[in-house]
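*Asks:*
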Amino acid sequence: MPGADTSPDLRLAEPSAPGRTDARGHGDGAPRSFPRSRTHGRSHGVSPLPLRTVAIDRYLETIFCIAAEDEPVRPSRIAQWLGVKAPTVSIGLRRLRAGGWIQTELDRRVTLTAAGSDAAEAIVRRHRLAECWLTDLLGLDWASAHLEATRLSASLSDTVLARLDISLGEPRTCPHGHTIPGRTAPYGELVALADLRPGAVAAVRRISEIIEHESFELLRTLAAAGVRTGVEVTVEPGGSADEITLAVGGRQHAIALAPGTARMIWVEVVGPSTRSARDGHPWAE
Ligand SMILES: [Zn+2]
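In the working numbering, each residue carries its 1-based index in the sequence shown increased by 95.
(1) Closer than 7 Å by C-beta to GLY355: which residues in its own chain qualify, once you throw out the five before and the five after it? Chain order, please.
(2) Hey, which unbroken runs of the alpha helix (DSSP H) at 4 residues or more fall wholly within the segment 138 to 178?
(3) Listed by chain order, which residues have C-beta atoms less than 6 Å from any heavy atom of ligand 1?
(4) With a threshold of 7 Å on Cβ separation, who are the neighbours of GLU243 within its own chain once the five nearest residues in sequence on each side are excluded?
(5) Do you know how far the Cα of ASP152 is from the Cα of SER138?
(6) What does the Cβ neighbour count give for LEU232, buried or exposed, with the cut at 16 atoms within 10 Å?
(7) Can you give the Cα-Cα distance for LEU256 and PRO332, rounded to whole angstroms?
(8) Going straight from the alpha carbon of GLY124 to that of GLU265, what length do you get?
(9) So, does the segment 258 to 274 touch the segment 213 to 229, judging by three or more C-beta pairs under 8 Å?
(10) Jot down the residue ranges of each uninterrupted alpha helix (DSSP H) in the segment 247 to 312, minimum 4 residues, whole runs only, in chain order.
(11) Is TRP361 helix, strand or coil by DSSP?
(12) Drop a sphere of 10 angstroms on the beta-carbon of ASP337, count the other beta-carbons inside from all chains shown, and report buried for 16 or more, exposed for fewer.
(13) Our contact map puts ILE305 next to LEU314 with C-beta atoms below 8 Å; I'd like the distance itself, whole angstroms only.
(14) To which residues does DSSP link GLU200 through a beta bridge?
(15) Check for me: the alpha helix (DSSP H) holding LEU191 runs from which residue to which?
(16) What three-state label does DSSP hand GLY355 in the structure shown?
(17) Alpha carbon to alpha carbon, how far is PRO367 from GLU156? Give it in angstroms, no decimals.
(18) Can you give the Cα-Cα distance for ARG131 and ASP165, rounded to whole angstroms?
(19) Might you give, ordered along the chain, the residues of its own chain that have their beta carbon closer than 6 Å to the beta carbon of THR206, omitting 5 neighbours on each side?
(20) Quick check: what's the CA-CA separation for GLY140 versus LEU146?
(21) Straight-line CA distance for PHE129 to TYR154?
(22) Given a cut-off of 7 Å on the beta-carbon distance, is the pair VAL343 and ALA357 in contact?
(23) Are the beta-carbon atoms belonging to PHE311 and ALA238 less than 7 Å from one another?
(24) Quick check on this structure: which residue in VAL364, VAL168, ARG204 and THR324 has the alpha carbon closest to the alpha carbon of ARG301?
(25) Is the CB-CB distance between ALA297 and VAL364 below 7 Å?
(26) Mark SER303 as exposed unless 16 or more other C-beta atoms lie within 10 angstroms of its C-beta, in which case mark it buried.
(27) To which residues does DSSP link THR206 through a beta bridge?
(28) Starting from VAL330, follow the beta strand (DSSP E) in both directions and report where the run begins and ends.
(29) State the start and end residues of the unbroken beta strand (DSSP E) segment that holds ALA342.
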């Protein structure tokens, strides 16, 4: 049960690594501002934070990911994300609050404290680097990589993680395009695929964490259709309100996507105009 603290976990935040530059967003030369030890004690040295457990880490990661999708982080959404019942989440959140990891606002929204945010970034960084390892070095597909990283990332020591990071060329994103905390995204302004006009050419940059987390099959389907980060797609004319037709990787084959799915795939426009589809101007001028 995700809400149960069955397995004590004494992990510290990861160390930062020296910079280097490479393709696919590997190494950005940005300052490594990654926290080292704030997960275990406030910098002013008054009352040290309690050690994190596997359960606490899952909550922190969940809160971080929901917030990153610009969704309000409410207990009901956390329960849905974790697949547990509301009372379990209430107990879990009480524990996180007592530990100084989160705050609950008057409207019941949950926010991370500074310590909670540092800890969440460390957890997410670990998960995303593990995914890079699984896809880039071990050849797993991006659907399996997410699941496997969930299982094994907690067991990677800081030493192994630092070595992995270097051997991967210090990637800036995970295979799904999410920025690794402490690094900068290797892409510019993103728009939802659903907002592209017919004829627009765009490069897939990021797949919503919601798809990654909640729809293993959809990830598989997208990968099978050639939709992955870095691939260029074109919105075909003649789509309907229920379906967007997409040419993937140079029009060899087209796929149909429901608008709800297209709303969770983030792309960078590369042509025929550099103008965002959201600014209200037609593509062909
Ligand atoms: Zn990922």
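Quick reminder that beta carbons are idealized off the backbone N, C-alpha and C, glycines included.
*Replies:* Per the coordinate set shown:
(1) As a working mapping, residue 355 is identified with position 260 in the sequence shown. Result list for GLY355: empty, nothing under 7 Å.
(2) Fully enclosed alpha helix (DSSP H) runs of 4 or longer: 149 to 163 and 170 to 177.
(3) The chain-ordered list of residues whose CB is nearer than 6 Å to some heavy atom of ligand 1 reads ARG223, GLU226, HIS241, CYS269, PRO270, HIS271, HIS273 and GLU307.
(4) As a first step, residue 243 must be located in the sequence shown, where it is residue number 148. By the criterion of a C-beta distance shorter than 7 Å, GLU243 is surrounded in its chain by LEU229 and LEU235, once the five residues flanking it on both sides are discounted.
(5) Looking up residue 138 in the sequence shown gives position 43. Looking up residue 152 in the sequence shown gives position 57. Bear in mind that the predicted position of SER138 carries a pLDDT of just 42, short of 50, making it unreliable; the figure below should be weighed with that in mind. Looking at the two C-alpha atoms, the distance is approximately 21 Å.
(6) Working through the sequence shown from its first residue, we reach residue 232 at position 137. Exposed, by the Cβ-count rule.
(7) Translated into positions along the sequence shown, residue 256 becomes position 161. Translated into positions along the sequence shown, residue 332 becomes position 237. A straight-line Cα-Cα distance of about 46 Å links LEU256 and PRO332.
(8) Within the sequence shown, numbered from 1, the residue matching residue 124 stands at position 29. Within the sequence shown, numbered from 1, the residue matching residue 265 stands at position 170. Because the pLDDT of GLY124 is 39, which lies under 50, any placement of that residue in the model is unreliable, and the number read from its coordinates should be weighed accordingly. GLY124 and GLU265 have their C-alpha atoms some 10 Å from each other.
(9) Taking 8 Å as the limit for Cβ pairs, the verdict is that the segment 213 to 229 does touch the segment 258 to 274.
(10) Segments of the alpha helix (DSSP H) lying fully in the segment 247 to 312: 253 to 262 and 304 to 309.
(11) Here residue 361 is taken as the residue at index 266 of the sequence shown, counted from 1. Looking at TRP361 - three-state DSSP - the assignment turns out to be strand.
(12) For the purposes of this step, residue 337 is taken as the residue at position 242 of the sequence shown. Counting Cβ neighbours within 10 Å, ASP337 comes out exposed, since fewer than 16 surround it.
(13) Along the sequence shown, one-based indexing puts residue 305 at 210. Along the sequence shown, one-based indexing puts residue 314 at 219. The C-beta separation of ILE305 from LEU314 comes to about 11 Å, leaving the pair out of contact by the 8 Å criterion.
(14) Stepping through the sequence shown from its first residue, residue 200 is reached at position 105. Partner(s): none; GLU200 has no beta bridge.
(15) As a position in the sequence shown, residue 191 is number 96, starting the count at 1. Per DSSP, the unbroken alpha helix (DSSP H) holding LEU191 starts and ends at 181 to 193.
(16) Residue numbering aside, residue 355 sits at position 260 when the sequence shown is read from its first letter. Of the three classes helix, strand and coil, the one that applies to GLY355 here is helix, per DSSP.
(17) Counting from one through the sequence shown, the residue named residue 156 turns up at place 61. Counting from one through the sequence shown, the residue named residue 367 turns up at place 272. Cα to Cα, the separation comes out at about 38 Å.
(18) On the sequence shown, residue 131 is found 36 positions in, with the first residue counted as 1. On the sequence shown, residue 165 is found 70 positions in, with the first residue counted as 1. Model confidence at ARG131 stands at a pLDDT of 37, short of 50, so the residue's coordinates are unreliable and nothing is read from them.
(19) Within the sequence shown, numbered from 1, the residue matching residue 206 stands at position 111. Excluding positions up to five away in sequence, the list reads GLN198.
(20) Residue numbering aside, residue 140 sits at position 45 when the sequence shown is read from its first letter. Residue numbering aside, residue 146 sits at position 51 when the sequence shown is read from its first letter. For GLY140, the pLDDT reaches just 47, beneath the cut-off of 50, and the residue's location in the model is therefore unreliable, leaving the point undetermined.
(21) Locating residue 129 in the sequence shown gives position 34, where the first residue counts as 1. Locating residue 154 in the sequence shown gives position 59, where the first residue counts as 1. Legend: pLDDT at PHE129 = 39, less than 50; position of this residue unreliable, value from coordinates given subsequently. When rounded, the distance between both Cα atoms is 20 Å.
(22) One-based indexing of the sequence shown puts residue 343 at position 248. One-based indexing of the sequence shown puts residue 357 at position 262. No, the pair does not count as a contact, with Cβ atoms beyond the cut-off.
(23) Taking the sequence shown and counting its residues from 1, the one referred to as residue 311 is at position 216. Taking the sequence shown and counting its residues from 1, the one referred to as residue 238 is at position 143. Yes, they are a contact pair.
(24) Looking up residue 301 in the sequence shown gives position 206. The shortest Cα separation from ARG301 among VAL364, VAL168, ARG204 and THR324 belongs to THR324.
(25) Position 202 of the sequence shown, counted from the start, is the residue given in the question as residue 297. Position 269 of the sequence shown, counted from the start, is the residue given in the question as residue 364. Closer than 7 Å, so yes.
(26) Residue numbering aside, residue 303 sits at position 208 when the sequence shown is read from its first letter. In the assembly as shown, SER303 is a buried residue. Its beta-carbon has 16 or more other beta-carbons within 10 Å.
(27) On the sequence shown, residue 206 is found 111 positions in, with the first residue counted as 1. GLN198, per the DSSP bridge assignment.
(28) Counted from its first residue, the sequence shown places residue 330 at position 235. Annotation: the continuous beta strand (DSSP E) that includes VAL330 extends over 327 to 330.
(29) On the sequence shown, residue 342 is found 247 positions in, with the first residue counted as 1. First-last of the beta strand (DSSP E) with ALA342: 339 to 343.
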